[in-house]
Structures are given as C-alpha cells and as structure tokens.
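> In the numbering used here, the protein residues as written are 323 to 830. Backbone N, C-alpha and C define an ideal beta-carbon position, used for all residues, glycine too. My questions all concern the structure below.
Dropping the structure here:
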C-alpha cells in the first residue's frame with residue numbers, strides 16, 4: 323500500500339499557521355548541574371582573557387568560508403585595516419586565528435527533549451546531527467534542520483540557517499523560545515521575546531558571535547512521520563520555476579502534492595527542478611544516497627522518490643550537495659573505495675581548509691598554466707518576483723551551475739533587525755559554491771562584487787558566512803548598522819568581541 327496523500331492531522335504536518343514568535347515557556351526548564359558548572363567555568367575563562375586580547379571559540383568543526391588570508395579578508399582591509407586589537411599582524415601578537423580558544427565542548431550536548439510540550443533544550447555547540455538524532459527518537463524534529471550535519475544550532479541562529487521547511491517555518495532562530503548567552507561584556511543572560519533582553523533576542527541572528535555566544539537554547543519541535551515522499555517537478559525557464567514557487571507559497575502544495583518540504587536545483591536556465599516533499603507513513607521503496615547513488619543526480623529522474631526522514635534531512639550532506647566532485651568521490655571506483663563514514667561534508671571541508679593552508683591547488687594550477695580562478699561561495703536571498711531575473715543575470719555574469727534554490731518566508735509579522743527580510747514576502751535562497759575563471763585583467767573578487775551588486779539591485783540580502791567586499795557604508799545600510807551599534811553598546815561596550823563589519827568583511 324502506498325500513502326501519497328496527506329497523512330494524520332494536517333495541523334501536525336505543516337498546515338497550521340506558525341505563530342509570529344515562539345511561545346514563551348510557562349516555566350523555564352531547569353538546566354542540569356553539570357551545565358550550570360560549565361557555564362560558570364566558561365564565564366571565568368572568558369574573564370581571565372586579558373583586555374584587548376583576541377577572543378575565539380575552540381570548535382571541532384566550522385562551516386564558515388572566511389579563511390584567514392582569503393580573498394575577502396585581503397580585499398576588506400584596504401581602508402582602515404587596523405583592527406580593534408591593534409597592529410597584531412605587524413607586532414607578532416596573537417591574532418584571532420592563533421589565540422587560544424575558549425573550550426566550549428561542554429555545550430555540545432542535548433540537555434532535554436519534552437515530547438509533551440514539543441520542545442528541546444540543547445547546548446549552543448550541539449550539531450544538528452546530534453540534535454536531530456535526539457529528537458527523532460521521540461518522533462519529533464526541529465522546525466528547520468540545516469542541510470549539513472556539523473552545523474551547530476548556535477551557529478545556525480547567530481549566522482542564519484535555512485532548509486526546505488523554511489517556506490512554512492522560517493529560519494532556525496524563529497523557533498527559538500529562549501537563549502542563554504555569554505555576552506561580550508562577560509554577563510550570562512537569558513534572552514527571550516518580551517523579556518528585558520528582547521532586543522538581544524531579536525538582534526542575535528546574523529550577529530556572528532560579535533555580541534556573544536549562545537550557551538543553551540530552548541527550541542520548538544514538530545512531529546514527523548517515518549518517511550518523506552518526494553516529487554521532482556521540471557521547469558524549462560526561470561520564470562516558470564519562480565511562478566511555481568509563488569504558487570507553493572500561496573497554496574502550501576503543488577499539483578496536489580503537499581509541500582511540507584520545498585527546495586530546488588537549477589542545472590541550467592532550461593533545466594531546473596523543484597523538489598516537493600510531504601510527510602508519509604508508508605513507502606513502497608526507499609532510496610539510499612549514502613552508498614553508490616548520488617542524491618543531486620537523482621533529481622533528474624525518476625520524478626518520484628521516498629526516503630526515511632533521517633535520510634531526507636541529510637540527503638545533501640553525503641556529497642556536500644555536489645561539491646564532492648573535485649575529490650572524485652562521485653566516480654564509481656573511488657566511491658566504492660572511499661569509506662562511507664568519510665563521505666561527509668565536514669571531511670570535505672577539512673580537505674579544502676588543508677588545501678587553503680598549504681596552497682596545494684594554487685601551486686599545481688600555476689605550474690600547469692591554469693588561469694587564475696576565483697572562489698564564488700555564497701548564499702543570497704532574493705524576492706521571488708525577482709528570482710528569474712537573478713538567475714538570468716547570474717548565468718550571464720558568473721555562469722556557475724548547479725545552483726541550489728530554497729524558498730523561504732519569515733514566520734511572523736516582524737523583521738529581525740540585523741537581517742531585515744520583509745514579513746509575508748516570499749524569497750528564494752540561491753546557493754552557489756565553486757570557482758570561476760577570472761577574465762583577463764580582472765582581480766580576485768571580481769565575480770563576488772558582481773553578485774553583491776546584483777543582490778542589492780534586486781532588493782535581496784547576502785549571507786555573511788563567506789567572503790564579502792562591501793564598503794563599510796554599504797554594509798551598514800544593508801545590515802542595520804544603527805541597531806547593531808545599540809546592541810554592541812549594551813552588551814559589549816568595551817569591544818572585547820570583533821565588530822560585525824570587522825569580522826565578516828575584514829576577516830578579523
């Protein structure tokens with residue numbers, strides 16, 4: 323028997339209208355004694371760092387693409403390169419990259435899951451892989467689960483996350499009920515909607531650790547079914563594809579298929595797909611893309627598929643979307659030899675970081691006479707009405723494919739200050755990650771600046787996890803410099819943590 327229709331109570335599977343903000347808890351969930359002790363230890367370690375010294379977290383993994391010495395770092399230092407920490411690069415004093423990091427390993431665990439209230443309390447450094455495993459045991463999942471296993475929940479909230487539930491459930495920070503934050507001035511505060519730290523609660527998303535660090539978060543969960551039924555719809559033009567996104571945003575379904583999950587893949591301007599997934603209780607077959615088959619290649623056909631809920635959540639991670647190609651992992655012989663446990667996005671990123679550190683690819687390409695390439699690794703949000711225009715301009719000016727497409731819309735009626743998307747407006751996140759040959763006479767940063775100019779012209783916003791080239795004036799106009807300055811003054815007046823422009827553009 324095949325279940326391909328709505329299952330169970332539709333209020334439990336995405337048909338309810340999400341609340342404007344996460345509902346407050348009747349009573350805060352008490353934290354375990356071990357967590358409270360870890361908070362006190364971290365607060366003491368932070369206080370022990372001498373004033374003016376760099377501050378960083380000692381984390382096992384990272385999904386940022388602002389490497390030390392990268393193109394964005396170099397380009398962003400031309401005007402006013404002195405950091406808040408002074409001329410450390412010239413004097414040999416520690417930089418953020420070399421300074422001893424705060425040990426935050428104690429905050430990498432799920433503290434509790436409550437099936438009755440559909441909430442979880444989790445450490446800020448907990449990966450979504452661990453968080454999803456803990457909640458799936460109760461038939462629940464976070465409302466938005468970013469697509470890579472080692473993204474941490476604290477990182478997704480302070481740095482913005484997104485996935486295929488974002489058209490109906492917004493972004494990860496919108497399902498946070500409260501956050502325990504170590505602020506830049508050394509306090510530990512609880513920020514929640516409507517309490518005395520409401521401004522920090524709303525301003526923490528897109529602050530990238532420049533206001534403080536999330537030590538624990540209480541989040542909403544939603545019920546799941548064992549399987550997800552996928553249908554891949556093909557479109558022959560960007561206009562037709564964006565029209566379909568607008569239909570899904572309005573109706574919550576497409577051609578009779580409920581849209582609990584929606585994302586897409588553009589292989590070219592005349593071959594693009596929207597993948598619409600719905601929860602289902604039974605499945606006639608199950609695909610497994612952790613073995614020989616590659617998920618993104620399957621999107622081209624057949625048009626229908628079934629995955630377990632866990633395999634669906636991590637469908638992109640095995641091959642880091644399509645970015646495992648340079649490592650040869652998609653070639654059948656190499657794939658069979660490459661252990662499955664190492665077919666993960668964090669493994670590939672470590673290899674990229676190693677290559678960046680030692681310049682292996684650059685040296686080999688120079689010896690072979692390969693023209694200089696520029697890294698173009700970005701995620702941008704564009705209003706759906708301008709999405710087709712973006713795709714056509716991007717194809718003409720950058721020419722990279724595939725491109726990931728992920729529709730989103732804020733849950734509530736308010737914008738979030740440091741990433742001011744408009745309420746009720748449907749957007750499409752376009753993600754593109756790779757290298758592009760530089761035209762003769764063009765310097766590194768050429769294509770990234772084109773992208774930034776295009777995004778601004780179309781009324782969109784760009785995520786800050788990778789290289790940026792904005793002038794300081796343009797940056798603060800786009801990311802609400804007035805609101806950031808007020809928060810910085812309130813929670814890090816001495817500037818112990820880097821400023822947002824310094825960190826995301828200057829690379830400090």
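Here's a check: name, in chain order, each residue in its chain whose Cβ is nearer than 8 Å to the Cβ of residue 440, leaving out the five neighbours to either side.
Taking the first residue of the chain shown as 1, we reach residue 440 at position 118. Here the set comprises 462, 542, 543, 544 and 545.
> Hey, could you find the ends of the beta strand (DSSP E) residue 851 is sitting in?
The displayed coordinates of the chain run from 323 to 830. Any statement about residue 851 would go beyond what the structure contains.
> In this structure, how does DSSP classify residue 500 when only helix, strand and coil are distinguished?
The sequence position of residue 500 within the chain shown is 178, counting from 1. Looking at residue 500 - three-state DSSP - the assignment turns out to be strand.
> Terminal residues of the continuous beta strand (DSSP E) containing residue 553?
Position 231 of the chain shown, counting from 1, holds the residue named residue 553. Its beta strand (DSSP E) spans residues 549-557.
> What number of angstroms, rounded off, separates the C-alpha of residue 560 from the C-alpha of residue 759?
Here residue 560 refers to the residue found at position 238 of the chain shown. Here residue 759 refers to the residue found at position 437 of the chain shown. Distance between the alpha carbons of residue 560 and residue 759 is about 25 Å.
> Can you grab the Cα-Cα spacing for the pair residue 481 / residue 656, in whole Å?
Counting from 1 along the chain shown, the entry for residue 481 is found at position 159. Counting from 1 along the chain shown, the entry for residue 656 is found at position 334. C-alpha separation (whole angstroms): 34 Å.
> State the start and end residues of the unbroken beta strand (DSSP E) segment that holds residue 583.
Against the chain shown, residue 583 aligns to sequence position 261. Residue 583 -> beta strand (DSSP E) spans 583-590.
> Give a yes or no on whether the C-beta atoms belonging to residue 725 and residue 769 are separated by under 8 Å.
Taking the chain shown and counting its residues from 1, the one referred to as residue 725 is at position 403. Taking the chain shown and counting its residues from 1, the one referred to as residue 769 is at position 447. Not in contact: residue 725 and residue 769 (Cβ atoms no closer than 8 Å).
> Do the CB positions of residue 368 and residue 531 come within less than 8 Å of each other?
Residue numbering aside, residue 368 sits at position 46 when the chain shown is read from its first letter. Residue numbering aside, residue 531 sits at position 209 when the chain shown is read from its first letter. For residue 368 and residue 531, no; Cβs fall outside 8 Å.
> Within the continuous alpha helix (DSSP H) that includes residue 674, where are the two ends?
As a first step, residue 674 must be located in the chain shown, where it is residue number 352. Residues 667-680.
> Among 765, 804, 718 and 811, which one has its Cα closest to the Cα of residue 791?
Taking the first residue of the chain shown as 1, we reach residue 791 at position 469. Nearest of 765, 804, 718 and 811 to residue 791, Cα basis: 765.
> In three-state terms, what does DSSP make of residue 474?
Residue 474 sits at position 152 when you count from the first residue of the chain shown. If DSSP states are grouped into helix, strand and coil, residue 474 belongs with the strands.
> Would you identify the three-state DSSP class for residue 442, choosing helix, strand or coil?
Taking the first residue of the chain shown as 1, we reach residue 442 at position 120. Strand, per DSSP.
> For the putative contact between residue 646 and residue 611, defined by C-beta atoms under 8 Å, what is the C-beta separation to the nearest angstrom?
As a position in the chain shown, residue 646 is number 324, starting the count at 1. As a position in the chain shown, residue 611 is number 289, starting the count at 1. Contact between residue 646 and residue 611 fails: their C-beta atoms lie close to 12 Å from each other, not under 8 Å.
> Just verifying my parser: in three-state terms, what is the DSSP assignment at residue 520?
Mapped onto the chain shown, residue 520 falls at position 198. Here residue 520 sits in helix by DSSP.
> Given residue 652, which residues of its chain have a CB within under 7 Å of its CB, disregarding the five upstream and five downstream residues?
For this step, residue 652 is matched to residue 330 along the chain shown. Closer than 7 Å at the Cβ level, and outside the excluded window around residue 652, lie 616, 641 and 646.
> Distance, Cα to Cα, residue 280 vs residue 360?
Since the first residue shown for the chain is 323 and the last is 830, residue 280 is missing from the structure and cannot be characterised.
> Specify the secondary structure class of residue 728 as computed by DSSP and reduced to three states.
By 1-based counting over the chain shown, the position of residue 728 is 406. Reduced to three states, the DSSP call for residue 728 is strand.
> What number of angstroms, rounded off, separates the C-alpha of residue 539 from the C-alpha of residue 794?
Stepping through the chain shown from its first residue, residue 539 is reached at position 217. Stepping through the chain shown from its first residue, residue 794 is reached at position 472. Those two C-alpha atoms are separated by around 32 Å.
> Looking at residue 692: is its Cβ nearer than 8 Å to the Cβ of residue 564?
Taking the chain shown and counting its residues from 1, the one referred to as residue 692 is at position 370. Taking the chain shown and counting its residues from 1, the one referred to as residue 564 is at position 242. Taking 8 Å as the Cβ cut-off, residue 692 and residue 564 do not qualify as a contacting pair.
> Mind reading off the beta-carbon distance from residue 589 to residue 723? Whole number of angstroms is fine, and I expect it under 8 Å.
Here residue 589 refers to the residue found at position 267 of the chain shown. Here residue 723 refers to the residue found at position 401 of the chain shown. Correct: roughly 6 Å between the Cβ atoms.
> So residue 354 and residue 453 are supposed to be a Cβ contact under 8 Å. How far apart are they, rounded?
Numbered from 1 along the chain shown, position 32 holds the residue referred to as residue 354. Numbered from 1 along the chain shown, position 131 holds the residue referred to as residue 453. Between residue 453 and residue 354 the Cβ distance is about 17 Å, and since that is not below 8 Å, they are no contact.
> Could you say if the segment 740-752 and the segment 566-576 meet the contact criterion of at least three C-beta pairs nearer than 8 Å?
Because the criterion of three Cβ pairs below 8 Å is met, the segment 740-752 and the segment 566-576 touch.
> Could you check whether the Cβ of residue 547 sits closer than 7 Å to any heavy atom belonging to the ligand FAD?
Among the components modelled here there is no ligand, and therefore nothing to report on the ligand FAD.
> One question on the structure: do residue 576 and residue 446 come within less than 8 Å of each other, judged by their Cβ atoms?
Here residue 576 corresponds to residue number 254 of the chain shown, with the count starting at 1. Here residue 446 corresponds to residue number 124 of the chain shown, with the count starting at 1. Contact flag unset, no.
> Ordered along the chain, which non-local residues of its own chain (more than five positions away) have a Cβ less than 6 Å from that of residue 502?
Walking along the chain shown from the start, residue 502 turns up at place 180. Contacts found: 512, 537 and 538.
> Quick check on DSSP: helix, strand or coil for residue 277?
One cannot answer for residue 277 here, as it falls past the ends of the chain, which runs 323 to 830.
> Where do the ends of the beta strand (DSSP E) carrying residue 603 lie?
Taking the first residue of the chain shown as 1, we reach residue 603 at position 281. No beta strand (DSSP E) holds residue 603; DSSP gives it neither H nor E.
> Contact defined as beta carbons within less than 8 Å: I believe residue 580 pairs with residue 586. What is the distance between those atoms, to the nearest angstrom?
Here residue 580 refers to the residue found at position 258 of the chain shown. Here residue 586 refers to the residue found at position 264 of the chain shown. Between residue 580 and residue 586 a beta carbon distance of about 17 Å is seen, past the 8 Å cut, so the two are scored as non-contacting.
> How is residue 447 classed by DSSP in three states: helix, strand or coil?
For this step, residue 447 is matched to residue 125 along the chain shown. Note: residue 447 maps to coil in three-state DSSP.
> Output the distance between the C-alpha atoms of residue 761 and residue 519, rounded to the nearest integer angstrom.
Residue mapping note: residue 761 aligns to position 439 of the chain shown, counting from 1. Residue mapping note: residue 519 aligns to position 197 of the chain shown, counting from 1. When the Cα atoms are used, residue 761 and residue 519 turn out to be separated by approximately 49 Å.
> In terms of residues, what are the limits of the alpha helix (DSSP H) holding residue 778?
Taking the chain shown and counting its residues from 1, the one referred to as residue 778 is at position 456. It spans 768-779 - the alpha helix (DSSP H) in which residue 778 sits, taken as one unbroken run.
> Find the nearest neighbour of residue 451 within the set 438, 437, 430 and 436, judged by alpha-carbon distance.
As a position in the chain shown, residue 451 is number 129, starting the count at 1. It is 430.
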